[in-house]
Amino acid sequence: MRIAIIDESTTRASIIEEGLAQLPDSEISILTERQGLIARLEAIAPDVVLIDLGNPSRDVLEEYFAISRALARPIAMFVDAADDEAIEASIDAGVSAYVVDGLSAHRIRPLLDLAIKRFNAFARLQTDLAAAEGKLAERETIDRAKRILMDGKGLSEPEAYAELRRKAMSSSRRIAEIAEAVVTAHDLLGDGA
Amino acid sequence: MTEHLTIGFLPLADACLPILAHEHGFAEEEGLSLGFQRDVSWATVLDRLLYGHTDAAHLIAPLAIAATLGRGRPAQPLAVPFVLGLNGNAITMSTALASRIARSERFEDPRELGAALASEAAARKRAGNRLRFGVVHRYSSHNYMLRYWLARCGIRPDEDVEIMTVSPPFVADAYASGEIDGACVGEPWNTLSVERGVARIVLATAQIWRRGVEKVLAVRRPVLEARRPAFEALIRAMRKAGRHFVDPENWDGNATILARPEYVGGDPALIRRAISDRLVLRQGGEPVHFPDFMFQHSEAANFPWVSQALWLYSQMTRWDRTPFSPGEAAAAASVFRPDVYRSAMHDTGDPLPGASSKVEGSVAQLTTVGTQQGVITLSPNTFFDGDSFDPEKIEEYLVRLP
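As you go down the protein sequences, you meet chains A and B in turn.
Letter 137 of the first sequence, counting from 1, is numbered 137 in full-length UniProt numbering, and no numbers are missing.
Letter 284 of the second sequence, counting from 1, is numbered 284 in full-length UniProt numbering, and no numbers are missing.
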């Protein structure tokens with residue numbers, strides 16, 4: 001089975017590729033470029049096309065499939081009404097699948113299930129990464145706020161932190177938010193040092 | 001109690017009404033809280049609507065009809081209770097092509113430009129290198145307006161030139177890489193191509209059909225029935241946003257809101273051009289005023305005329321090369337829901353037309369029409385070739401089209 005993956009994120013494409021490689025007799029091609037997409041697809045002649053939902057080339061692809069159908073080439077979108085549940089799951093995961101006519105249903109389902117799993121795995125990876133980056137940025141802001149309080153009020157580091165925490169608790173906000181406010185106020189009012 | 005609605009949209013200036021209804025508190029006044037889901041392809045906007053990620057969507061009008069008729073995917077009935085605006089699109093040409101056939105510093109004359117384009121297209125076809133045009137989607141008014149114009153000027157859209165799909169945000173790139181010679185797209189993407197020096201604006205789609213239906217608010221029919229009061233509230237909120245949008249006092253503020261990255265994104269000064277109907281046609285040029293370039297409010301602009309849905313259906317059968325079917329025509333007509341618009345606006349004093357269908361292209365001068373409430377004066381709504389569309393006689397219309 002020839003599978004084409006269209007994804008501008010090379011990381012995600014390789015995560016999907018790795019997962020789909022489990023399928024027997026699969027031959028996977030990855031397209032990351034927007035330009036020349038249709039010509040490359042024609043060269044590959046895939047049985048299945050997987051594309052992420054947020055890809056702007058989806059309209060181009062659907063146009064291509066529509067025209068191919070008009071020319072009596074056996075290409076159809078994977079939008080059989082009977083597969084509503086599968087389509088919904090794939091949309092939730094952020095993947096769209098387009099399947100060439102003639103590929104039997106029992107071969108499509110495991111493929112789509114796998115693709116959905118891999119998309120979800122990528123989404124989790126992204127969320128973890130974003131959370132880690134957010135934490136790091138917060139840590140830096142809190143450190144800057146502590147330094148401002150230490151310099152400005154002659155506090156020790158534990159005292160500066162306690163001050164931030166007290167303010168956060170009394171105003172029911174997060175320490176990071178209070179730290180952010182301290183840093184912003186300092187940037188606006190401070191001597192800029 | 002506040003009810004929440006999520007609305008899908010593409011980054012285009014004509015997504016303005018729901019966004020401004022939210023930003024200026026008109027939705028809140030109607031007891032609604034609005035959330036937004038930005039996407040980059042119409043296929044995704046439609047998927048999210050059909051599978052309930054969104055409650056309503058900013059959508060190209062013909063796609064709402066195509067989805068209902070089951071073209072390209074299994075049929076799902078959509079409803080259009082509100083038209084987000086008329087026109088607001090332009091036709092651009094690469095600077096190379098425009099310098100050969102465009103004559104003026106203004107918007108061109110559609111007939112003269114069409115004649116010049118016809119000979120250019122014939123020459124390019126003989127050389128084995130057909131002119132290529134981009135439209136934003138197969139089922140878009142952009143596609144139908146461009147094809148209507150080309151065909152009437154003697155250019156066969158699928159034989160003499162090529163028409164392909166290009167997503168709005170990538171039109172300027174497509175010019176820069178030589179992929180297209182012309183395009184029909186909404187704002188601010190024409191302006192962006194002009195600013196990058198890769199293309200010139202040559203026509204407004206309003207020159208092809210003075211009152212052409214553009215984006216609509218699309219809802220799944222069962223969802224509309226189930227939550228009708230919420231959607232009627234949304235209609236009223238968007239009407240108020242429209243009144244705010246057309247007031248010159250608010251152009252700067254609204255351009256700034258739309259320019260935010262979560263909405264259209266980009267430079268407010270560029271977005272302001274479409275809002276104020278003052279487009280810069282070529283890089284470094286002076287702004288040219290085109291009255292009603294975008295048409296979002298007056299003359300019942302948001303009223304879903306059934307005849308507009310039927311015109312779109314006539315073009316769909318024409319270019320999909322499918323036979324005319326009275327059953328399909330009835331299904332297409334049922335997508336537009338003037339009844340919902342009426343019940344939403346009833347008692348607001350906002351003018352409501354007396355009829356729900358009209359002969360499109362028949363108003364050649366200011367005309368006062370029969371109304372249910374208020375007074376409506378329609379200004380010209382003509383097609384550039386002087387033809388008109390009677391929704392009662394679609395088959396006759398299709399026969400006389402080139």
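Using N, Cα and C, we set each Cβ at its ideal position, and we do this for glycine too.
Owing to the predicted nature of the structure, the values given are computational and were not obtained by experimental measurement.
Look at His137/B: its C-beta is under 8 Å from a C-beta on chain A. The beta carbons of Ile116/A and Ala93/A sit about 4 Å from each other, so the pair counts as a contact at 8 Å. Residue contact check for Val185/B against chain A: no CB pair falls below 8 Å. Comparing alpha carbon positions, the residue from Glu3/B, Phe36/B, Ala21/B, Glu30/B closest to Phe9/B is Phe36/B.
Just so you know, the alpha carbons of Arg132/B and Pro248/B end up roughly 38 Å apart.
Flagged as an interface residue toward chain B: Asn55/A, by a C-beta distance shorter than 8 Å.
Burial check for Asn129/B: the Cβ neighbour count within 10 Å stays below 16, so the residue is exposed. Between the alpha carbons of Ala123/A and Arg111/B lies a distance of about 52 Å. For chain B, none of the residues of the UniProt domain "ANTAR" (122–183) of chain A brings a beta carbon within less than 7 Å of one of its beta carbons.
Taking the beta carbon of Gln35/A as reference, the chain B residues within 8 Å of it are Ser177, Glu179, listed in sequence order. Cβ atoms of Cys184/B and Asn87/B stay farther apart than 8 Å, at about 11 Å. Annotated as proximal: Val306/B and Ser356/B, with beta-carbon spacing under 8 Å. The region 194–210 of chain B and the region 171–180 of chain A do not touch, with fewer than three beta-carbon pairs separated by less than 8 Å. Ala237/B sits away from Ala61/B, with the two beta carbons spaced by 8 Å or more. The beta carbon of Ala43/B sits closer than 8 Å to some beta carbon of chain A. Taken through DSSP and simplified to helix, strand or coil, Asp47/B comes out as helix. The residues Leu270, Arg273, in chain order, have a CB closer than 6 Å to that of Thr191/B in the same chain once the five nearest residues on each side in sequence are set aside.
Bounds of any alpha helix (DSSP H) do not take in Ile7/B; it lies within the beta strand (DSSP E) bounded by 3–9. Nearest CB-CB separation between Phe384/B and chain A: not below the 8 Å threshold. Contact annotation for Ile91/A against chain B: Asp47, Arg48, Tyr51, His53 [CB-CB distance below 8 Å, chain order]. Two segments are said to touch when three or more pairs of C-beta atoms, one from each, lie closer than 8 Å; by this definition the region 327–347 of chain B touches the region 223–232 of chain B.
Within chain A, the residues Arg34, Pro56 have their CB atoms less than 8 Å from the CB of Phe170/B, given in chain order. Residues of chain A with a Cβ closer than 8 Å to the Cβ of Asp267/B do not exist, since the nearest Cβ in that chain sits about 21 Å away. Listed by position along chain B, the residues whose Cβ is nearer than 7 Å to that of Glu88/A are Tyr51. Rounded to whole angstroms, Glu328/B and Ala64/B show a C-alpha spacing of 13 Å. The straight-line gap separating the alpha-carbon atoms of Ser167/B and Glu108/B is approximately 25 Å.
Judged by their CB atoms, Val399/B and Leu312/B are not nearer to each other than the 8 Å cut-off. Taking CB atoms only, Ser167/B has a neighbour in chain A less than 8 Å away. For Lys240/B against Asp14/B, the beta-carbon gap comes to about 17 Å, at or over 8 Å, which does not count as contact. Within chain A, the residues whose beta carbon sits less than 7 Å from that of Val40/B are Gly54, Pro56, listed in sequence order. Under the three-pair Cβ rule at 8 Å, the region 46–60 of chain B does not count as touching the region 253–265 of chain B.
Under the three-pair Cβ rule at 8 Å, the region 289–299 of chain B does not count as touching the region 308–325 of chain B. Counting along the chain, Gln315/B sits inside the alpha helix (DSSP H) bounded by residues 306–320.
The region 119–150 of chain B contains, as complete beta strand (DSSP E) runs of 3+ residues, the segments 132–135 (chain order). Counting of Cβ neighbours within 10 angstroms places Ser141/B among the buried residues, the total reaching 16 or more. Rounded to the nearest whole angstrom, the C-alpha separation of Val359/B and Ala131/A is 58 Å.
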